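Residue numbers (the working numbering): 101 to 392.
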């Protein structure tokens with residue numbers, strides 16, 4: 101297995117700040133999928149080759165033509181194994197893609213939300229079509245066309261919709277009643293607490309009652325709504341999300357276990373250790389010792 105140096109995102113920092121997007125080709129010998137950074141941009145990557153991806157708390161091995169969607173709110177790292185590894189990458193901010201405040205947040209998309217499907221294995225035909233879009237983007241980026249940014253948004257949306265067409269229909273969520281609306285508001289508030297970016301800004305809501313108070317609904321109504329829609333109690337979803345973030349922080353930061361526990365709302369390290377062990381069957385230190 102051969103490690104490669106990972107070029108920093110700051111390489112394109114000024115251009116990203118000025119334009120809100122950047123598109124480029126991944127050439128053989130380069131690793132420009134890059135390690136996760138909390139301040140990074142959304143990414144769409146088309147890659148061909150063998151690699152290992154640590155996505156949130158999951159390890160995924162890739163050895164095919166692949167389309168990847170990276171969310172700056174979900175930690176990931178990428179190790180290239182193949183000697184020949186090629187493709188394309190597009191970086192963009194949500195503010196670049198959203199033309200008005202009424203546009204749906206990217207975090208609501210099945211491609212970018214927690215628990216979504218960020219990685220797609222492509223056929224040769226699909227790979228060639230996706231590659232043709234990236235080539236058009238690169239060519240257009242080099243022009244002085246007055247409405248270039250509008251065209252880039254269209255290309256990015258085309259990439260997103262091509263991937264959405266690969267998604268099973270049951271992955272799409274529609275609000276049909278009050279219970280679905282309440283559950284949606286709960287999950288939105290839950291996700292807004294993550295990622296934890298600072299030890300000095302710990303998560304605020306850890307119990308169903310605290311979420312109900314914030315949403316101005318009775319806790320029984322919240323619990324009934326979430327259970328009706330998902331089949332699991334509110335507390336189970338909160339616990340799963342806390343554990344997911346805990347594992348991500350253990351893997352992707354150098355914070356102490358006590359600091360991670362405090363950031364997740366546990367006043368004392370022993371409380372965090374007991375909570376983590378009760379839900380996972382292991383202690384936080386064992387996760388930290390696992391190879392990334």
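Idealized CB from N, CA, C, for every residue including glycine.
Bear in mind that the values here come from a model prediction, so they are computed numbers and not experimental data.
Item, Value
"Does DSSP put residue 150 in a helix, in a strand, or in coil?", "strand"
"Rounded to whole angstroms, how far is the Cβ of residue 123 from the Cβ of residue 303, which I believe are closer than 8 Å?", "The pair is not a contact, with the Cβ atoms about 35 Å apart (cut-off 8 Å)."
"Exposed or buried, which one is residue 42 when buried takes at least 16 other CB atoms within 10 Å?", "The requested residue 42 is not part of the displayed model; the chain covers only 101 to 392."
"Residue 372 lies in the alpha helix (DSSP H); which residues open and close that run?", "369 to 380"
"Using only alpha-carbon positions, find the residue among 246, 349 and 311 that is nearest to residue 295.", "349"
"Taking the continuous alpha helix (DSSP H) assigned at residue 296, which residues delimit it?", "Element bounds for residue 296: n/a, residue is neither H nor E."
"Note down the Cα distance separating residue 313 from residue 144, rounded to an integer number of angstroms.", "38 Å"
"What is the DSSP secondary structure of residue 141, reduced to helix, strand or coil?", "coil"
"So for residue 264, helix, strand or coil by DSSP?", "helix"
"Assign residue 382 to buried or exposed, taking buried as 16 or more other Cβ atoms, counted over all protein chains shown, within 10 Å of its Cβ.", "exposed"
"Using three-state DSSP, classify residue 188 as helix, strand or coil.", "strand"
"Looking at the secondary structure, which residues open and close the alpha helix (DSSP H) in which residue 397 lies?", "Look at the range of the chain in this structure, 101 to 392, and you will see that residue 397 is not part of it."
"Does DSSP put residue 67 in a helix, in a strand, or in coil?", "Residue 67 lies beyond the range of the chain shown here (101 to 392); nothing can be said about it."
"Less than 7 Å between C-beta atoms, sequence neighbours within five positions excluded: which residues of the same chain meet that for residue 299?", "355, 359, 362 and 363"
"I'd like the list of long-range same chain contacts for residue 160, defined as Cβ closer than 7 Å, with 5 residues on each side in sequence excluded.", "153 and 219"
"From residue 178 to residue 352, what distance separates their C-alpha atoms?", "12 Å"
"For residue 128, does the count of other Cβ atoms within 10 angstroms reach 16, so buried, or fall short, so exposed?", "exposed"
"Taking the alpha-carbon positions, what's the residue 316 to residue 325 distance?", "14 Å"
"Is it buried or exposed for residue 377, if we count other Cβ within 10 angstroms and need 16 for buried?", "exposed"
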